[in-house]
Amino acid sequence: MSEHFDLVVRGGRVALPSGLFETDLGVRNGRVASIGDLAAAKTHAIVDAHGLTVLPGVIDTQVHFREPGLEHKEDLSTGTAAAALGGVTAVFEMPNTKPSTTGAIELGD
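Heads up, the numbering used here is the position in the sequence shown plus 99, with the first residue counted as 1.
Here's what the structure looks like:
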């Protein structure tokens, strides 16, 4: 009996702690449920990742959302939406704002 997934990512170079491996990923309920040969798996959707590198969510360690004070450059809403679309799952925001948000009082506002 074959496994069932919501999504199968086929043939990508999957980044694992031990290196890059050309393999498949099975996703169920929004989480990676299986890594390996899933040619026989049943799925609702397939992404052909041949020739692509498949990474876990990445962390951007230097973002400038410019809120408060410089929202015309970027704000929390547009910056985090763009990050998520690019596969970024966490960010470290640099306090490049007016007023600066480097103290407890400013962060509390």
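Each residue gets a CB set at the ideal place from its N, CA and C atoms; glycine is no exception.
Just measuring C-alpha positions, the residue of F104, T177 and H163 sitting nearest A132 is F104.
Taking each of I158, K141 and P116 in turn and checking the Cα distance to G186, the smallest one comes out for I158. The region 102-119 and the region 129-143 touch, with no fewer than 3 CB-CB distances between them shorter than 8 Å. By the Cβ-count criterion, A203 is exposed, with fewer than 16 other Cβ atoms from all chains shown falling within 10 Å of its own Cβ.
Inter-residue distance for L119 and K197 is about 43 Å (C-alpha atoms, whole angstroms). According to the DSSP assignment, S176 belongs to the alpha helix (DSSP H) that extends over L175 to L184.
In the three-state scheme derived from DSSP, where H, G and I count as helix and E and B as strand, A140 is classed as coil. By the beta-carbon neighbour count (other beta carbons within 10 angstroms, threshold 16), G178 is buried.
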